[in-house]
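Chains as they are written, first to last, in the UniProt record's numbering: chain A, 1 to 238; chain B, 1 to 233.
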C-alpha cells in the first residue's frame with residue numbers, strides 16, 4: 001500500500017472544470033490529493049504552478065512523473081489509465097464515444113462560452129478593473145440561451161433519456177453540469193425555467209451526492225458574492 | 001466494416017477545421033465525397049443542414065451504409081478525427097493508444113478551442129474578413145484583446161516545439177494537422193512569425209513542404225490572396 005496517492009489534482013473549487021474533475025475522481029473512488037490553487041489570488045501564475053501547467057489555468061493533474069492540463073484531457077486520461085467503467089467513455093462502441101467527443105468539443109465555445117462568459121462579464125470583470133459593457137453581458141446571455149436551446153433540441157430531445165448521451169453517465173455530464181451550477185446563484189437563474197429538459201437533467205446530476213457536496217458549497221459561496229454585486233447594481237443613482 | 005460505408009464530408013475550404021479533416025483523409029487515403037457547405041452563404045443555417053449537424057457548424061460527416069442505407073452523422077472536427085482513427089486501420093502515431101502519449105494529444109486538442117482557434121481563426125475573421133466581406137470593423141480594443149490569444153498560443157507552441165519535432169512528440173499527430181490549418185491563416189494579416197522561429201519552421205514543414213496539405217489549402221489561399229492582394233504564401 002502506498003502512503004500517498006499518486007494523483008494530485010490542482011485547482012480551485014470556484015472553477016467549473018476543476019469541480020468536474022474533482023467530482024469524477026470522488027464518484028469513481030480514485031484516491032487523489034487535492035491542492036488548492038486560488039484563482040482569486042492569481043496563484044495559477046506562480047512559477048511553481050507554471051511548472052505543472054505552463055498555460056497557467058486550473059485544473060491540472062500530476063500522476064507520478066507526468067503532468068497535464070485541460071479538464072477533458074484529465075477526464076479521458078483518468079478513465080483510460082484507471083480502467084474506469086465503460087459507460088463514461090465507451091471503448092468499443094466508437095459511435096457512442098464519438099458523440100461524447102462531439103459534446104466535449106462543442107462545450108468550450110458552447111455552454112462554457114455562454115455560462116462562464118456571462119458570470120465573468122457580469123460578476124468578475126469589475127475585479128479586473130475593466131467592467132464589461134452591457135452589450136457584452138447581453139451577448140453572453142444570448143450565447144447561453146442558444147446553448148440551452150440546443151441542449152433541449154439535441155442532446156436532451158428524448159424525454160425518457162436520463163443523461164446527456166443516453167441513460168448512463170458519461171464524461172459530458174459532470175463537465176456540462178459544472179458550468180450550469182454558477183447560474184443558480186446568479187440574477188438569471190430563472191431562465192432555466194424556459195428549458196425544462198435542461199432543468200430536469202441538471203437536477204438529476206445535482207442529486208448525485210458526490211456532485212451535490214461540492215456544488216452546494218460552490219453555490220453558497222458564489223451566492224454571497226453575487227448578492228453584493230447585484231445589490232450594488234440595484235442601488236438607485238444619486 | 002468500413003468498406004461498406006460511404007463517407008461524406010460537409011466542407012467549406014475557407015474553414016480551418018474543414019481543411020484539417022479533409023487533409024487528414026487525404027494523407028491517409030480515406031475515400032470521401034465532399035458536399036460544399038458555405039458559411040458565408042449561411043448554408044449551415046438551412047433546415048436540411050440542421051438535420052445533419054444540429055450544432056450548425058462545419059465540418060460535419062455522414063456515414064452511409066451502402067448495403068442497408070443506414071445513415072449516421074457527426075460534427076466537431078476533433079471528434080471526427082478521433083472517430084476516423086478509431087474506425088479505420090491507421091498508423092498509431094496520429095493518436096497514440098498509450099494513455100500518457102494520448103493525453104498529450106488530447107491536451108493540445110482541448111486547449112486548441114480556447115486558445116489557438118481564438119487567436120487564429122477568430123482573430124483573422126475580426127481583423128480581415130469582417131471588414132472586407134461584411135464591412136464591419138471591430139473596435140481596436142477588442143482586436144487587441146483577441147490578439148493576445150495569438151501571441152499567448154504561439155509562446156506555448158514554441159515551448160512545445162523546443163521539446164520535440166512535432167507539437168506532441170517526435171511524430172506527427174492530429175494535433176499538428178489541426179494547429180497548422182489554423183495558423184496558416186495568419187499569413188494574411190501582415191503578421192510576422194519570426195519571433196517564434198520553431199513555430200515558423202514547423203508551419204512551413206506542415207503546409208508548404210507537405211504537398212497533400214498544401215493542395216487542400218489552394219482554394220483558401222487563392223481566396224485570401226485575392227481578398228488581400230497578397231501573395232498566396
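Glycine included, every Cβ here is placed at the ideal spot set by N, Cα and C.
Spatial distance of residue i from residue j (CA atoms)
i                     : j                     : result
residue 122 (chain A) : residue 122 (chain B) : 23 Å
residue 11 (chain A)  : residue 60 (chain A)  : 7 Å
residue 66 (chain B)  : residue 7 (chain B)   : 10 Å
residue 231 (chain A) : residue 224 (chain A) : 11 Å
residue 179 (chain A) : residue 219 (chain A) : 11 Å
residue 239 (chain A) : residue 167 (chain A) : Since the first residue of chain A shown is 1 and the last is 238, residue 239 (chain A) is not available in this structure.
residue 189 (chain A) : residue 203 (chain A) : 13 Å
residue 46 (chain B)  : residue 192 (chain A) : 27 Å
residue 2 (chain B)   : residue 30 (chain B)  : In this predicted model, residue 2 (chain B) has a pLDDT of only 47, less than 50, meaning its place in the structure is not dependable; the value taken from the coordinates is given anyway. Distance between the alpha carbons of residue 2 (chain B) and residue 30 (chain B): 10 Å.
residue 172 (chain A) : residue 99 (chain A)  : 10 Å
residue 223 (chain B) : residue 107 (chain B) : 32 Å
residue 92 (chain A)  : residue 34 (chain A)  : 32 Å
residue 230 (chain B) : residue 16 (chain B)  : 19 Å
residue 234 (chain B) : residue 217 (chain B) : Outside the modelled stretch of chain B, which goes from 1 to 233, sits residue 234 (chain B), for which no answer is possible.
residue 158 (chain B) : residue 198 (chain B) : 6 Å
residue 36 (chain B)  : residue 109 (chain B) : 25 Å
Three-state secondary structure (DSSP) of residue i
i                     : result
residue 8 (chain A)   : strand
residue 63 (chain A)  : strand
residue 218 (chain B) : helix
residue 90 (chain B)  : coil
residue 66 (chain B)  : coil
residue 114 (chain B) : helix
residue 202 (chain A) : helix
residue 230 (chain B) : coil
residue 9 (chain B)   : strand
residue 61 (chain B)  : strand
residue 166 (chain B) : strand
residue 221 (chain A) : helix
residue 171 (chain B) : coil
residue 73 (chain B)  : strand
residue 33 (chain A)  : strand
residue 42 (chain B)  : coil
Partner residues on chain B for residue i, Cβ-Cβ distance less than 8 Å
i                     : result
residue 154 (chain A) : 54, 55
residue 76 (chain A)  : 102, 103, 106
residue 70 (chain A)  : 106, 107, 110, 111
Contacts that residue i makes with chain A (C-beta to C-beta distance below 9 Å)
i                     : result
residue 74 (chain B)  : 95, 98, 99, 101, 102
residue 159 (chain B) : 54
residue 156 (chain B) : 54, 55
Partner residues on chain B for residue i, Cβ-Cβ distance less than 7 Å
i                     : result
residue 73 (chain A)  : 103, 106, 107, 110
residue 222 (chain A) : Chain B residues near residue 222 (chain A): none, gap ~22 Å exceeds 7 Å.
Range of the contiguous alpha helix (DSSP H) that encloses residue i
i                     : result
residue 21 (chain B)  : 16 to 27
residue 182 (chain B) : 174 to 183
residue 208 (chain B) : Element bounds for residue 208 (chain B): n/a, residue is neither H nor E.
residue 104 (chain A) : 94 to 109
Proximal residues of chain B, C-beta to C-beta of residue i below 9 Å
i                     : result
residue 179 (chain A) : The premise fails here: residue 179 (chain A) is roughly 13 Å from chain B at the closest Cβ pair, so nothing lies under 9 Å.
residue 150 (chain A) : 54, 55, 56
Segment limits, beta strand (DSSP E) that includes residue i
i                    : result
residue 35 (chain B) : 33 to 36
Interfacial residues, the segment 104 to 127 of chain B to chain A, with Cβ spacing under 7 Å: Within the segment 104 to 127 of chain B, the residues whose Cβ lies closer than 7 Å to some Cβ of chain A are 106, 107, 110, 111, 113, 114, listed in chain order.
Report the residues of the segment 76 to 99 of chain B with a CB closer than 7 Å to any CB of chain A, ordered along the chain. When C-beta distances to chain A are compared with 7 Å, the residues of the segment 76 to 99 of chain B below that value are 76, 78, 79, 82, 83, 86, 87, 99, in chain order.
Short of 7 Å Cβ to Cβ, which residues in the segment 104 to 137 of chain A face chain B? Here the close residues are 105, 106, 108, 109.
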